[in-house]
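Before any comments, here is the structure.
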Amino acid sequence: MNIEEVITSSVRNAVQALYGADVPENQIQLQKTKKEFEGHLTLVVFPFLRLSRQKPEETAEAIGAWLLANEPAIEKYNVIKGFLNLSIASAYWVKLLNVIQSDAQYGIIPSDESSPLVMIEYSSPNTNKPLHLGHVRNNLLGWALSNVIKANGNRVVRTNIVNDRGIHICKSMLAWLKWGDNVTPATAGKKGDHLIGDFYVLFDKHYREEVKQLAAQYQQQGMEEEEATEKAKQEAPLIREAHEMLVKWEQGDAEVRGLWKQMNDWVYAGFDETYKALGVGFDKIYYESDTYLVGKAQVEKGLEQGLFVRHDDGSVWADLRNEGLDEKLLLRKDGTSVYMTQDIGTAKLRFEDFPIDKMVYVVGNEQNYHFQVLSILLDRLGFKWGKDLVHFSYGMVELPNGKMKSREGTVVDADDLIAEMIATARQTSEELGKFQDMTDSEKDEIARIVGMGALKYFLLKVDARKNMMFNPAESIDFNGNTGPFIQYTYARIRSVLRKAAEENFLVPDVLSEEVEVNAKEQDLIQHMADFAAVIRQAGQDYSPSAIANYCYDLVKEYNQFYHDYSILRESDVAKKQLRLLLSANVAKIIRNGMNLLGIEVPERM
RNA sequence: GGUUCCGUAGCUCAGUUGGAUUAGAGCAACGCCCUUCUAAGGCGUGGGUCUUGGGUUCGAAUCCCAACGGAAUCACCA
Numbered sequence: 000m001n002i003e004e005v006i007t008s009s010v011r012n013a014v015q016a017l018y019g020a021d022v023p024e025n026q027i028q029l030q031k032t033k034k035e036f037e038g039h040l041t042l043v044v045f046p047f048l049r050l051s052r053q054k055p056e057e058t059a060e061a062i063g064a065w066l067l068a069n070e071p072a073i074e075k076y077n078v079i080k081g082f083l084n085l086s087i088a089s090a091y092w093v094k095l096l097n098v099i100q101s102d103a104q105y106g107i108i109p110s111d112e113s114s115p116l117v118m119i120e121y122s123s124p125n126t127n128k129p130l131h132l133g134h135v136r137n138n139l140l141g142w143a144l145s146n147v148i149k150a151n152g153n154r155v156v157r158t159n160i161v162n163d164r165g166i167h168i169c170k171s172m173l174a175w176l177k178w179g180d181n182v183t184p185a186t187a188g189k190k191g192d193h194l195i196g197d198f199y200v201l202f203d204k205h206y207r208e209e210v211k212q213l214a215a216q217y218q219q220q221g222m223e224e225e226e227a228t229e230k231a232k233q234e235a236p237l238i239r240e241a242h243e244m245l246v247k248w249e250q251g252d253a254e255v256r257g258l259w260k261q262m263n264d265w266v267y268a269g270f271d272e273t274y275k276a277l278g279v280g281f282d283k284i285y286y287e288s289d290t291y292l293v294g295k296a297q298v299e300k301g302l303e304q305g306l307f308v309r310h311d312d313g314s315v316w317a318d319l320r321n322e323g324l325d326e327k328l329l330l331r332k333d334g335t336s337v338y339m340t341q342d343i344g345t346a347k348l349r350f351e352d353f354p355i356d357k358m359v360y361v362v363g364n365e366q367n368y369h370f371q372v373l374s375i376l377l378d379r380l381g382f383k384w385g386k387d388l389v390h391f392s393y394g395m396v397e398l399p400n401g402k403m404k405s406r407e408g409t410v411v412d413a414d415d416l417i418a419e420m421i422a423t424a425r426q427t428s429e430e431l432g433k434f435q436d437m438t439d440s441e442k443d444e445i446a447r448i449v450g451m452g453a454l455k456y457f458l459l460k461v462d463a464r465k466n467m468m469f470n471p472a473e474s475i476d477f478n479g480n481t482g483p484f485i486q487y488t489y490a491r492i493r494s495v496l497r498k499a500a501e502e503n504f505l506v507p508d509v510l511s512e513e514v515e516v517n518a519k520e521q522d523l524i525q526h527m528a529d530f531a532a533v534i535r536q537a538g539q540d541y542s543p544s545a546i547a548n549y550c551y552d553l554v555k556e557y558n559q560f561y562h563d564y565s566i567l568r569e570s571d572v573a574k575k576q577l578r579l580l581l582s583a584n585v586a587k588i589i590r591n592g593m594n595l596l597g598i599e600v601p602e603r604m
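Pasting the structure below:
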């Protein structure tokens, strides 16, 4: 039972004793006392005025006096207007620190076989181009979110649906056949995803030239510009070839399938490197080439059941007009499947594979409509999980001149960015003289941890729902509200703890409650204790940024403490023990909190 | 046009299950603090009509309505 619950319960007793009323728990507004006032917790008494029939000050005074007399945890109180500020006794804080110390996973709820099973889909790349900054945000959010959900006592299955088939990959394949000269990632000295991406761009370049020429021809024949361009886009030889290739793929043509597999494998090898650098992973990967037929079958079944309608041209639609939405295409007139069809198939396979209680999709907010529709369709098709699937809808990463556009070359490549962050971290460390007595492998490791920490924190500290700004011209900060700031504090604490160990200073696991805890130390303990509530809230709101902001606030508070009080030079043994224990647990919470975000912390930096 | 989301300091962002005369951080600017546990740190100064206008309330950045500004989406692309 935490202190808030203890006090809440006592306040109920107080109101009962003083005013003879039984107030529900949710009417008791207990909040952290603002910095500028004395106290730890503040009771807002306005809701009780109707019961007390007294002024706010008098009501607060009465409740305060009752609590002081009857609740041992309360040491003193003060009243300002309708606010009753309560100070918790020193011994209680030692007790709380002991509780935190005794639990290496403080605040984290373990899961077991009987815990709810949450499947979380994230990443979900196309196999025709390398990952960019938008994917990085997706991957980091997906990973962090899955950790947060897990820390709230759920089992988690991390999954990825790879969009490995379709016209886009055919374009890359065709370009490689035409102009590739049998180049491979090995011979080109290039990651497979980048190689394939280059061919995709090459296809697009040639295709646009063809369209331009063809459109000009049509215009000469008397067509309007717009119509000519539209026709040219469909008639250009390259796109026709790509479509032919797609048809062959669907027919299982051995040659096309062979090339397709080869090229996808190159891409996967490239992705795996990026995933590894990002520190993310998956328990189960689905491929659209395996799921799209399942989706088609589901749609056909729905059609038989009268859930969907077939138009005259043969295409199949879901009518969602009674839900306030439009008609939605499910199968093209040629019978091929679309995005929605595939998601239906994937959902079916997943629920056959796992006893899923909840499904979370980490997908950008540009697809809000898609998931609104998917939820309804899955529900109609009789999947009981469909109705309350969660679309974790995150915002775009914007550049100073707008969205990232691959055509305009304004894409921030994931691998480039990662390399740049690590290089910057290395350079900063050199400049600050942090590397002096380190081996090369230690330097590499620290540069990696700090560089990635800066990148990850930068992306995760922002509310996921919001669009965010990234300016490539300004490098990501290493000072202030940043990952390295938090990592630095951790490293500093570890250094202090190492020195304490070197001088053989013993810190007991359980402190005596006689130890006097000063106000700053009390605040720190209270702040640490909040970690549990923050994880609960982050889980409830699907909000990794809440964890990031908490870590920052805790670290900021600790740094003040570190600056104002000495630890190792404290002559009073009991105080020294308290401060070391305090520091060790701040470090532990930083490590666990950052770990939830997928950010590592270095022992030195 | 319909739907959804967003609008807080020069910039990037916290703060929204309504709470305290002064709405917080960081960056950028200026100043101070390393013979003392790592200065990637600490302290300070300046910087705001929380887009605007109404409303609900003892109390609104937070809830409701409207306007203005921005984004996404409404594809036989995924």
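Per numbering that gives the first Met the number 0, the very first residue in the first sequence carries number 0; after that it's consecutive. Every residue, glycine too, gets a C-beta built ideally from N, C-alpha and C.
Q.
Mapping the DSSP letters down to three states, classify Ser110 as helix, strand or coil.
A. Start at 1 with the first residue of the first sequence, and residue 110 comes out as number 111. Here Ser110 sits in coil by DSSP.
Q. Do the CB positions of Ser114 and Arg154 come within less than 9 angstroms of each other?
A. Translated into positions along the first sequence, residue 114 becomes position 115. Translated into positions along the first sequence, residue 154 becomes position 155. Going by C-beta atoms, Ser114 is nearer than 9 angstroms to Arg154.
Q. Would a C-beta distance cut-off of 9 angstroms place Gly394 and Lys295 closer than the cut-off?
A. Stepping through the first sequence from its first residue, residue 394 is reached at position 395. Stepping through the first sequence from its first residue, residue 295 is reached at position 296. Not in contact: Gly394 and Lys295 (Cβ atoms no closer than 9 angstroms).
Q.
Threshold first: 3 residues or longer. Then list the beta strand (DSSP E) segments lying entirely within the region 143-189, N to C.
A. 154-161
Q: Output the residue ranges of the alpha helix (DSSP H) runs that lie fully inside the region 243-325 and measure 4 residues or longer, sorted by chain position.
A: 253-277, 287-303
Q | Proximal residues to Val5 (C-beta, below 8 angstroms), its chain only, five neighbours per side dropped | A | By one-based count along the first sequence, residue 5 stands at place 6. If we look at Val5 and ignore the five residues flanking it on each side, its Cβ neighbours are Glu70, Ala72.
Q: Identify the continuous beta strand (DSSP E) that holds Leu116 and give its terminal residues.
A: Against the first sequence, residue 116 aligns to sequence position 117. From DSSP, the beta strand (DSSP E) with Leu116 extends over 116-120.
(Q) Please report the straight-line C-alpha distance between Val600 and Asp356, rounded to a whole angstrom. (A) Locating residue 600 in the first sequence gives position 601, counting from the first residue. Locating residue 356 in the first sequence gives position 357, counting from the first residue. Roughly 33 angstroms separates the two Cα atoms.
Q | Glu243, buried or exposed, once every other Cβ within 10 Å from all chains shown has been counted against 16 | A | Against the first sequence, residue 243 aligns to sequence position 244. Counting Cβ neighbours within 10 Å, Glu243 comes out exposed, since fewer than 16 surround it.
Q) How would you call Asp342, buried or exposed, if buried means at least 16 neighbouring beta carbons within 10 angstroms? A) Position 343 of the first sequence, counted from the start, is the residue given in the question as residue 342. That one is buried.
**Q.** Buried versus exposed call for Leu505 [16 or more other C-beta atoms within 10 Å across all chains shown]
**A.** For the purposes of this step, residue 505 is taken as the residue at position 506 of the first sequence. By the 10 Å Cβ count, Leu505 comes out exposed.
Q) Between the region 551-558 and the region 502-518, are three or more C-beta pairs nearer than 8 angstroms? A) no
Q.
Out of Trp265, Tyr206, Thr438, which one is the CA nearest neighbour of Gln233?
A. As a working mapping, residue 233 is identified with position 234 in the first sequence. Checked all of Trp265, Tyr206, Thr438; the closest Cα to Gln233 is Tyr206.
Q | Neighbourhood of Ser392 by C-beta distance below 6 angstroms, restricted to the same chain and skipping five residues each side | A | Numbered from its first residue, the first sequence carries residue 392 at position 393. Around Ser392: Asn364, Asn367.
(Q) Between Phe47, Phe202, Leu398, Ala528, which has its C-alpha nearest Val93's C-alpha? (A) The residue given as residue 93 occupies position 94 in the first sequence. Out of Phe47, Phe202, Leu398, Ala528, Ala528 has the C-alpha closest to the C-alpha of Val93.
Q) With burial defined as no fewer than 16 other Cβ atoms inside 10 Å of the residue's Cβ, what is the status of Val605: buried or exposed? A) With the chain represented from 0 up to 604, any question about residue 605 goes unanswered, as that position is not in the structure.
Q: Could you tell me which of Ile485, Arg491, Lys575, Glu520 sits nearest to Ile546, measuring between CA atoms?
A: In the first sequence, counting from the first residue as 1, residue 546 sits at position 547. Ile546 has its Cα closest to that of Ile485, out of Ile485, Arg491, Lys575, Glu520.
Q.
Tell me the rounded alpha-carbon separation between Gly133 and Ser123.
A. Along the first sequence, one-based indexing puts residue 133 at 134. Along the first sequence, one-based indexing puts residue 123 at 124. One C-alpha to the other measures close to 12 angstroms.
Q. Taking the C-alpha atoms as reference points, what is the distance between Leu496 and Asn503?
A. On the first sequence, position 497 is the one that residue 496 refers to. On the first sequence, position 504 is the one that residue 503 refers to. About 10 angstroms.
Q: Could you please give me the residues that DSSP links to Met358 through a beta bridge?
A: Counting from 1 along the first sequence, the entry for residue 358 is found at position 359. According to DSSP, Met358 bridges with Met118.
**Q.** Three-way DSSP call (helix, strand, coil) for Ile524 in this model
**A.** Stepping through the first sequence from its first residue, residue 524 is reached at position 525. Three-state DSSP puts Ile524 in a helix.
Q. What whole-angstrom Cβ distance do Trp142 and Gly597 have, given they're in contact under 8 angstroms?
A. Along the first sequence, one-based indexing puts residue 142 at 143. Along the first sequence, one-based indexing puts residue 597 at 598. Right, the Cβ-Cβ distance comes to about 5 angstroms (below 8 angstroms), so this counts as a contact.
Q: Please say whether Leu29 and Leu17 have beta carbons closer to each other than 9 angstroms?
A: Taking the first residue of the first sequence as 1, we reach residue 17 at position 18. Taking the first residue of the first sequence as 1, we reach residue 29 at position 30. The answer is no: Cβ separation not under 9 angstroms.
Q) Under 9 angstroms between the Cβ atoms of Asn162 and Glu120? A) By 1-based counting over the first sequence, the position of residue 162 is 163. By 1-based counting over the first sequence, the position of residue 120 is 121. Contact: no.
Q. Whole alpha helix (DSSP H) runs in the region 57-106 with 4 or more residues, listed along the chain?
A. 89-101
Q) Between the C-alpha atoms of Phe434 and Tyr489, what's the straight-line distance to the nearest angstrom? A) Residue mapping note: residue 434 aligns to position 435 of the first sequence, counting from 1. Residue mapping note: residue 489 aligns to position 490 of the first sequence, counting from 1. The straight-line gap from Cα to Cα measures roughly 17 angstroms.
Q: Name, in chain order, the residues that DSSP records as bridge partners for Leu40.
A: Residue numbering aside, residue 40 sits at position 41 when the first sequence is read from its first letter. The partner list for Leu40 (beta bridge, DSSP) reads Lys31, Leu85.
Q) Just curious, the beta strand (DSSP E) that Ser392 is in, first and last residue? A) As a first step, residue 392 must be located in the first sequence, where it is residue number 393. 389-393 is the span of the beta strand (DSSP E), which, as asked, contains Ser392.
Q: Please go through the same chain and pick out, in chain order, the residues whose beta-carbon is closer than 6 angstroms to the beta-carbon of Gln26, but skip the five residues on each side of it.
A: Translated into positions along the first sequence, residue 26 becomes position 27. If we look at Gln26 and ignore the five residues flanking it on each side, its Cβ neighbours are Pro46.
Q.
Using only the alpha-carbon positions, how far apart do Asn594 and Leu139 sit?
A. Reading the first sequence from its first residue, position 595 is the one you call residue 594. Reading the first sequence from its first residue, position 140 is the one you call residue 139. Approximately 12 angstroms, taken between the alpha carbons.
Q | For Gly280 and Asp271, the rounded distance between their alpha carbons | A | As a first step, residue 271 must be located in the first sequence, where it is residue number 272. As a first step, residue 280 must be located in the first sequence, where it is residue number 281. Cα to Cα, Asp271 sits roughly 9 angstroms from Gly280.
Q: Indicate whether Asn470 and Leu567 have their beta-carbon atoms separated by less than 9 angstroms.
A: As a position in the first sequence, residue 470 is number 471, starting the count at 1. As a position in the first sequence, residue 567 is number 568, starting the count at 1. Not in contact: Asn470 and Leu567 (Cβ atoms no closer than 9 angstroms).
Q | Terminal residues of the alpha helix (DSSP H) in which Asn364 lies | A | The sequence position of residue 364 within the first sequence is 365, counting from 1. Unbroken run through Asn364: none, as it is neither H nor E.
**Q.** Residue range of the alpha helix (DSSP H) that includes Tyr564
**A.** On the first sequence, residue 564 is found 565 positions in, with the first residue counted as 1. Segment: none, Tyr564 is in no alpha helix (DSSP H) and carries neither H nor E.
Q. Pick from Lys574, Gly592, Ile475: whose alpha carbon is nearest that of Phe530?
A. Here residue 530 is taken as the residue at index 531 of the first sequence, counted from 1. Of Lys574, Gly592, Ile475, the residue nearest in Cα terms is Gly592.
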